[in-house]
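In order, the protein sequence lines correspond to chains A and B. Here the first sequence is numbered in the numbering used here, starting from -17 and rising by one per residue. Here the second sequence is numbered in the numbering used here, starting from 14 and rising by one per residue. Heads up, the beta-carbon is just placed ideally off N, CA and C, and yes, glycines get one too. Structure record follows, encoded as structure tokens.
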Amino acid sequence: MSAVLAEARWPEPGDGPPPPLPGFVHSPFAPLVAAVADRCLTRRYGERPVPPGTTCAVVLVSAAGDRPSAAHVRATVAAGGRVGPLFFFQSVPNSVAGHVAARWGLDGPVVCLSPTGDPRADGTAEADLLLYDGDADEALLVLVDEAPDGTPTGAVAVLLGGGTRQ
Amino acid sequence: MAEREPVPISGIHAVSALGRGADAQLAGVLAGTPAFRPVRRFDTTGRRVTVAATLPDVGTLPDELTDATDAACRAAGLDRAARAESALLLATHGGPLSQPDAFADDRPLTGADSGAGNGAQVEVPALVGHLARRCGLGGPTRTYTSACVSASTAVADAATMIRRGDVARVVVAAGYLVEPDQFALFDAGRAFAADGAVRPFSAGRQGLLLGDGVAAVVLESAGAARRRSAAPVATVRGWGRAGDAYHPCQPDPAGRGLARAVRSALRRAGLDAAAVGYVNANATGTGFSDASEAAALRLALGDLADRVPVSSTKSVHGHALEASGLLELVVTVQALRHGKLPVNAGWLGPDEACPLDVVTDAPRPVGSPYALSLNAAFGGADTALLVGAP
């Protein structure tokens, strides 16, 4: 099993909404992921990027990706309208995972999951698999909390490392 | 207990606009005739591009996934007991189902034929459980929503789970059926080829086109395959996953992430670059993306990149998004089995940014029993699967 190297939440006491994220519109999904990832990695490393030689994966777990944006696209298309081009880029959770990876120099695998059980257990299992396999030696796990209607309400980021490598 | 042997693939199945079944995929990619045609499944009024590679007769995504998974299990010879101990990894889009109908001759079915009431409306995250129950798969489940590397990541993870000894057998299933929302998004992003053709690595390429793709593959431990006297169709020899750390949705022009994925796959397989006899490329027909992949191949293979036959079969079956990695793995396995390398359709002429040996005019004979299937996605996600003859 891997060890927890750092952990963060958004919101934490005193937090308001996450800062807007340039290039991402309409939904708190991507800003939450970016904010909680920044907080977690800052606690571990202080400054960007991660140290040379660190290969860190990004594992993003959410029930069904950015549901407010997907619902907006669904409604727009169903009404015969045209969607804005920025929605193309944020139509998959990989994009904000890639934003975090580029910002922090995380050049391990990028994996997005929809949990089939407990989200943290699912995400940790995936991170452990990547660490065991050697494609990463750390993994930033990001879990997005959602209201019943799919609106993202918060996020948890956990930096995992160590464990048994193949 | 951890194994070191190659991971057998004991059953495959795929559906695309090229037809139903693994043999139909091979016939289609060897013929090299693109399957793109006007979209009739939904209204494309106002879109820049109005073509895709679609099947005129197609079920709902949950039904097609069930059929493909069941067919792959039957091809692998899995009985009820073997299915009950099999894990299921699903690769699919995480958003709402924007196309809940089945179609016959491009017209939506209604009533008893529509599939409604039989899980036709099941979405992620419930879909994988629905699929497992319908196919009698009783092992662990996982759902990948990693865009265009979803399926290939699932295959890499399945091989790792088997090698680590977590499970004896994993069924990987993947599906994307062309539907109005992603079509509208790609059109809005100006990602489509306005000339209606996908021309990977070619001069004059204008972009990608979407295509239906539903596939399933059974992987198992070598020991488990031997115990039930299974006859593998191929083996997964190596795999690699990496990230570009470059941009939310543009690939690293230097191809460094994809090159690391290829090197990881070769290292796990214990093979030199010279052993690779074919590359089924990710190439989508997009200018900067294909050039990035060509750079990655040069980084990973060195001067051998001049001589390894390469093609992207997206040029005939289109881009199946989350399912692309599994559809293309099936195509690659079929090419190795039958000794012929697929054509890269749409070729207009060489592009100096893509100095590769592209299979353009006609299928070529297989020169080595090892092939790479590459995929890349938004987020800078890269995968490489190295498959071999059984």
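Counting the other CB atoms within 10 Å of its CB gives residue -17(A) a total below 16, which places it among the exposed residues. Here the C-alpha atom of residue 199(B) lies approximately 23 Å from the C-alpha atom of residue 256(B). Look at the region 320 to 336 of chain B: it has no residue with a C-beta under 8 Å from a C-beta of chain A. Residue nearest to residue 56(B) within the set 63(A), 37(A), 125(A) is 63(A) (criterion: CA-CA distance). The Cβ atoms of residue 36(A) and residue 119(A) sit closer than 9 Å to each other. Annotated three-state conformation of residue -15(A) is strand, per DSSP. Identification of chain A residues near residue 116(B) by a Cβ-Cβ cut-off of 9 Å yields none; the smallest Cβ-Cβ distance measures about 18 Å. Contact of residue 96(B) with chain A is not assigned, every C-beta pair being separated by 9 Å or more. By the neighbour-count definition (other C-beta atoms within 10 Å, threshold 16), residue 59(B) is an exposed residue. Following the DSSP letters along the chain, one finds residue 108(A) in no beta strand (DSSP E) but inside the alpha helix (DSSP H) bounded by residues 101 to 115. Membership of residue 73(A) in any alpha helix (DSSP H) is not indicated, and neither H nor E is assigned to it by DSSP. Looking from the CA of residue 73(A), the closest CA among 103(B), 102(B), 100(B), 109(B) belongs to 109(B).
Between residue 319(B) and residue 370(B), the C-beta spacing is below 9 Å. Contiguous alpha helix (DSSP H) elements confined to the region -3 to 69 of chain A occur at 11 to 27, 49 to 60, taking only those with 4 or more residues. Residues of the region 198 to 231 of chain B with a C-beta atom less than 8 Å from some C-beta of chain A are 198, 199, 201, 202, 203, 204, listed in chain order. Residues of chain B with a Cβ closer than 9 Å to the Cβ of residue 78(A) are, in chain order, 261, 392. Nearest Cα to residue 390(B) within the set 84(B), 349(B), 265(B): 265(B). Interface annotation, residue 134(B): not in contact with chain A, CB-CB separation never under 9 Å. Collapsing the DSSP output to three states places residue 18(B) in coil.
The shortest C-alpha to C-alpha distance from residue 134(B) to any of 144(B), 75(B), 105(B), 83(B) is the one to 75(B).
Among the bridge pairs identified by DSSP, residue 353(B) is matched with 378(B). The continuous alpha helix (DSSP H) containing residue 87(B) extends over residues 74 to 88. Within the same chain, and ignoring the five residues on either side of residue 213(B) in sequence, the residues whose Cβ sits closer than 8 Å to its Cβ are 294, 296, 297, 298, 303, 324, 325, 327, 328, 357, 359, 371.
Residue 277(B): member of the alpha helix (DSSP H) spanning 269 to 282, first to last residue.
Interface flag for residue 11(A) against chain B is unset, since no Cβ pair is found closer than 9 Å. The beta carbons of residue 321(B) and residue 292(B) sit about 6 Å from each other, so the pair counts as a contact at 8 Å.
Here residue 242(B) is exposed: its Cβ has fewer than 16 other Cβ atoms, across all protein chains shown, within 10 Å. Residue 42(A) is not a Cβ neighbour of residue 7(A), given a cutoff of 9 Å. Across the set 131(A), 134(A), 125(A), the C-alpha of 125(A) shows the shortest separation from the C-alpha of residue 22(A). Cβ neighbours of residue 314(B) within its own chain (closer than 8 Å, five residues either side excluded): 275, 286, 289, 321. For residue 103(B), there is no enclosing alpha helix (DSSP H); the residue is part of the beta strand (DSSP E) that begins and ends at 100 to 104. Judged by DSSP secondary structure, residue 314(B) falls within the alpha helix (DSSP H) whose first and last residues are 300 to 314.
Listed along chain B, no residue sits closer than 8 Å to residue 142(A) by beta-carbon distance, the nearest being about 16 Å off.
Remark: C-beta atoms of residue 238(B) and residue 339(B) do not approach each other more closely than 9 Å. Residue nearest to residue 220(B) within the set 24(B), 93(B), 201(B) is 201(B) (criterion: CA-CA distance).
The beta-bridge partner set that DSSP reports for residue 322(B) consists of 370(B).
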